[in-house]
Every structure is written in structure tokens, then in C-alpha cells.
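Worksheet for the structure shown next.
In the numbering used here, the protein residues as written are 293 to 434.
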């Protein structure tokens, strides 16, 4: 039986993690959303990632991460997804409202350290945010 006044640390950790995670509304979840980004979006290739992105009418940045089984075991795939989500979560203020982004990991991404993944995403985020913001400004002038 727990002592009175003794708070369970796991409860606080869970609340903290939820506060800093991407909300459900900020993620691409449906197949139709991924297909729309694939068909209508712009494409940017890097050495380790393919990024598809397009504007949406929802007014929020939404992120999808695709890592196929060719990249590696589940542990590796989940690590890549976690690092990509973390990077976009920390940099979502750079994006204008209303952009859908799907990050697809290439097989070489499995060999990267956490720092190398962050560095690879740094330039990508910068390019996409400038492009999305430029489109938003241009769309607002007409």
C-alpha cells in the first residue's frame, strides 16, 4: 500500500510527455491524406529522406512519417520516426499555418546517428518552411 502523499512519478511523466507530443490533429493519419500529399504535393529529395509537402486548408502543420521495412527492424524504424517527429515538433513555429508534410526515410537513414538525422532534417525544414510561407504570402495577395 503506497504511503499517503506519495505521488507516483509515472503519472507526472506521462502528463509531461503528452504536453510535448504532436497532437492528433497535427499528424497525417488517414490514407487519403497521405495520397493527397503524394499526388498534389511538391517533392524534395535528400540523401536520406524524401519529403512530400503541400498546403492544406486546415490552418495547421500536419506531419506524417513513413519508414518502410526495407530501412531496418522495428526498433530502427521507430527511432527514425521518433527523431523526425521530435524535430518537426520543435521547429513547427517556422511553418506557416496549413501545410501537410510526409517524410519518407530512405534505407541509408538507418545508419545515421541522432545528430546526423537532426542535421539532415535541418536543411529540409528550412527549405520547406520558406516554400510554404512563400506560397501563403503569394496566395494572400490574390
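Think of the CB as a built atom: it goes at the ideal place given N, C-alpha and C, for glycine as much as any other residue.
### Query
Going straight from the alpha carbon of residue 429 to that of residue 365, what length do you get?
Low local confidence applies: a pLDDT of 43 at residue 429 is under 50, so the model's placement there is unreliable, with the coordinate-based value given in what follows. Each residue's alpha carbon lies about 42 Å from the other.
### Task
Go ahead and pull the three-state DSSP assignment for residue 386.
helix
### Query
Using the C-alpha atoms, what's the distance from residue 361 back to residue 422?
32 Å
### Message
Going residue by residue through the stretch 347 to 400, where are the continuous beta strand (DSSP E) segments of at least 3 residues, counting only ones entirely within it?
### Response
Counting only runs of 3+ residues, the beta strand (DSSP E) found wholly inside the stretch 347 to 400 occupies 353 to 358, 391 to 397, in chain order.
### Message
So for residue 331, helix, strand or coil by DSSP?
### Response
helix
### Query
Which residues share a DSSP beta bridge with residue 417?
None; residue 417 has no bridge partner.
### Query
Taking Cβ to Cβ, would you say residue 376 is nearer than 8 Å to residue 395?
yes
### Query
What is the DSSP secondary structure of residue 337, reduced to helix, strand or coil?
strand
### Task
Taking only the alpha-carbon atoms, compute the straight-line gap between residue 357 and residue 318 and give it to the nearest angstrom.
12 Å
#### Entry: Beta-carbon contacts of residue 329 that lie in its chain and below 8 Å, excluding the five residues immediately before and after
So the list reads 320, 344, 345, 346, 356, 392, 393, 394, once near-sequence residues are dropped.
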